[in-house]
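Numbers 421 to 642, taken from our numbering, label the letters of the sequence shown in order.
Using N, Cα and C, we set each Cβ at its ideal position, and we do this for glycine too.
See structure below.
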Amino acid sequence: MPGSTVADEIELIGTGRGGGGASSGDDGNAGGGGDDWKDSSGSGVPQRAYVTGMTIALGGVLMFFMALVSAYIVRKDMPNSAWVPFNIPRILWLNTAILIASSFTLARSRSRLLASDDAGFRHWWGVTTILGIFFLIGQVIAWRQLAAAGVFLATNPASSFFYVFTAAHGLHLLGGVLALLYVAFRPTHKLTKSTATEVVSMYWHFMDGLWVFLFLLLLLGR
């Protein structure tokens with residue numbers, strides 16, 4: 421499941437705490453960042469290993485979407501493919517702007533964490549989560565608009581790929597939203613905040629960039 425990839429990463433992080441003591445792990449202060457890469461649970465696994473694990477997981481996600489893109493290109497160029505272009509819902513422009521904005525608010529949130537501003541961190545982290553939810557709602561609206569126009573999954577290959585791309589990305593982004601919520605409401609004694617925020621930020625920025633690529637592909641590749 422797309423969402424479970426992020427959840428599994430967070431659960432792994434949740435097995436330990438920073439080696440700098442209770443205050444550094446609970447407060448998420450920049451002062452505890454130096455210990456964030458040390459073994460936090462006596463398991464011999466450094467916190468940095470979780471960042472490496474997320475990098476590998478994102479590589480797998482990238483391969484999955486590139487396989488879909490390859491199929492899209494091949495199917496579109498096939499003779500007698502019955503490929504019928506359709507108008508992309510305009511709300512996708514707004515959705516794209518929302519998701520790009522969420523990357524900026526997430527970066528702002530992490531900068532507040534590094535500055536030991538917990539209130540600022542929580543504020544911007546919450547804004548990012550809300551923007552992610554707005555994006556998902558916008559995608560549902562786009563599907564409803566297409567359905568109202570008579571464009572469905574099985575209408576033609578072009579519409580099929582549109583629904584597959586947007587649904588697959590939406591499920592992965594939903595996993596990111598759940599991870600944002602987990603970090604926001606987790607018991608502070610279960611994971612090191614700076615590591616968790618880095619791992620989730622990596623995933624979120626990746627999903628942001630991936631969506632921009634897919635949107636341009638769907639827009640220009642019609």
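Contact belief for residue i with residue j at Cβ below 8 Å, rounded distance in angstroms
i: Ala-562; j: Pro-499; result: Going by Cβ atoms, the distance from Ala-562 to Pro-499 rounds to 30 Å, so no, they are not a contact pair.
i: Phe-555; j: Leu-519; result: 5 Å
i: Lys-407; j: Leu-533; result: Given a span of 421 to 642 for the chain in the structure shown, any question on residue 407 remains unanswerable.
i: Val-584; j: Leu-488; result: 7 Å
i: Val-372; j: Val-619; result: In the structure displayed, the chain extends from 421 to 642; residue 372 sits before or after that span and is not available.
i: Pro-577; j: Ser-490; result: So it is not a contact: roughly 14 Å between Cβ atoms.
i: Ala-521; j: Leu-551; result: 6 Å
i: Ala-477; j: Arg-542; result: At roughly 26 Å, the Cβ-Cβ gap does not stay under 8 Å, so Ala-477 and Arg-542 are not in contact.
Residue i to residue j span [Cα, whole Å]
i: Phe-524; j: Trp-544; result: 9 Å
i: Ser-528; j: Thr-617; result: Residue identity differs from the one stated: residue 528 is Arg in this sequence, not Ser. Their backbone Cα atoms lie some 12 Å apart in a straight line.
i: Trp-624; j: Ala-535; result: 21 Å
i: Ser-463; j: Thr-615; result: Residue placement at Ser-463 is poorly supported in this model, since its pLDDT is 45, which falls under 50; the coordinates still yield a value, given next. Looking at the two C-alpha atoms, the distance is approximately 16 Å.
i: Phe-633; j: Ala-588; result: 14 Å
i: Gly-540; j: Ile-557; result: 26 Å
i: Phe-581; j: Leu-573; result: 8 Å
i: Leu-630; j: Gly-641; result: 16 Å
i: Thr-548; j: Lys-496; result: 36 Å
i: Asn-507; j: Thr-575; result: 14 Å
i: Gln-467; j: Leu-638; result: 38 Å
i: Met-622; j: Val-494; result: 31 Å
i: Ala-517; j: Phe-485; result: 21 Å
i: Ile-553; j: Arg-606; result: 19 Å
i: Arg-530; j: Gly-570; result: 43 Å
i: Asp-538; j: Gly-546; result: 12 Å
i: Val-560; j: Tyr-492; result: 22 Å
Environment of residue i [buried if 16+ CB atoms lie within 10 Å]
i: Asn-515; result: buried
i: Thr-475; result: exposed
i: Asp-628; result: buried
i: Leu-636; result: exposed
i: Gly-595; result: buried
i: Gly-452; result: Bear in mind that a pLDDT of 40 at Gly-452, under 50, signals an unreliable position, so the number given afterwards is only what the model happens to contain. Classification for Gly-452: buried.
DSSP state of residue i mapped onto helix, strand, coil
i: Pro-505; result: coil
i: Leu-499; result: Strictly speaking, residue 499 in this sequence is Pro, with Leu absent from that position. The answer is coil: DSSP assigns Pro-499 none of H, G, I, E or B.
Heavy atom of the ligand GTP within 7 Å of residue i beta-carbon
i: Asn-500; result: Among the components of this structure there are no ligands whatsoever, and the ligand GTP is therefore not found.
Residue-chain proximity (residue i, chain D), Cβ-Cβ < 8 Å
i: Arg-606; result: Protein chains in the displayed structure number just one, and chain D is not present.
Validate contact between the region 595–605 and the region 558–578 using beta carbons, cut 8 Å, 3 pairs: no
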